[in-house]
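Okay, so here's the structure we're looking at.
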Amino acid sequence: MLKGGPGSGKGTQCANVVKHFSYTHLSAGDLLRAEIKSGSEFGAMIQSMIAEGRIVPSEITVKLLCKAMEESGNDKFLIDGFPRNEENRIVFENVAKIEPAFVLFFDCPEEELERRIMNRNQGREDDNIETIKKRFKVYVESTLPIVSYYESKGKLRKINAAKPSEEVFEAVKVLFTSET
4 MLKGGPGSGK
14 GTQCANVVKH
24 FSYTHLSAGD
34 LLRAEIKSGS
44 EFGAMIQSMI
54 AEGRIVPSEI
64 TVKLLCKAME
74 ESGNDKFLID
84 GFPRNEENRI
94 VFENVAKIEP
104 AFVLFFDCPE
114 EELERRIMNR
124 NQGREDDNIE
134 TIKKRFKVYV
144 ESTLPIVSYY
154 ESKGKLRKIN
164 AAKPSEEVFE
174 AVKVLFTSET
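Numbers 4 to 183, taken from my numbering, label the letters of the sequence shown in order.
Take a look at the structure:
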């Protein structure tokens, strides 16, 4: 699992790990969007929930993750964007019956995250200062408790993500080489 604030470099480092260590990247958001695009009954239900502003139940996201793991033919996964909160984590552990080998946490000061997001110019509508502040608030309130949980279980591996991405990946490589 990957954790880190918005702009911490999760996407960049995830791509590096997939390329260098043959992991399968599973993004909860991508799986939900793919299910909607498939036109399945399940996808229609997800689309309806999102259109109504409802949160897709954790059980649905976990089932999509489990299905993707089974279909991948791989046994090494990077799960990105899930769990987002404590309830997600509990459902994942209870339904999937999987506990991560370790959780990679990209630790980066909020000021640096804000600077990166404002400078990345990816054309994302949610890359404005008001939305960024809201995303930080959600991150602190929902994601950091998950980070603390895995730290208490001895599963958290912190990486200083304030460094340039090449240096961050060097630290990631050391960690993946020793953990896998």
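Here a beta-carbon is modelled for each residue, glycine too, at the ideal position from N, C-alpha and C.
Small disclaimer: the values here were computed from a predicted structure and weren't measured.
- DSSP, read as helix, strand or coil, puts V150 in helix.
- With three or more CB-CB distances shorter than 8 angstroms, the region 162-173 counts as touching the region 91-109.
- If you draw a straight line from the Cα of L178 to the Cα of I101, it comes to about 21 angstroms.
- Taking 8 angstroms as the cut-off, the Cβ atoms of L68 and I82 count as close.
- For V106, the secondary structure class from DSSP, reduced to helix, strand or coil, is strand.
- Shown here, S30 sits in a strand according to DSSP, grouped into three states.
- Judged by DSSP in its simplified three-state form, K158 adopts coil rather than helix or strand.
- L147 sits away from S11, with the two beta carbons spaced by 8 angstroms or more.
- Taking a C-beta distance under 8 angstroms as the contact criterion, L35 and I49 qualify as a contact pair.
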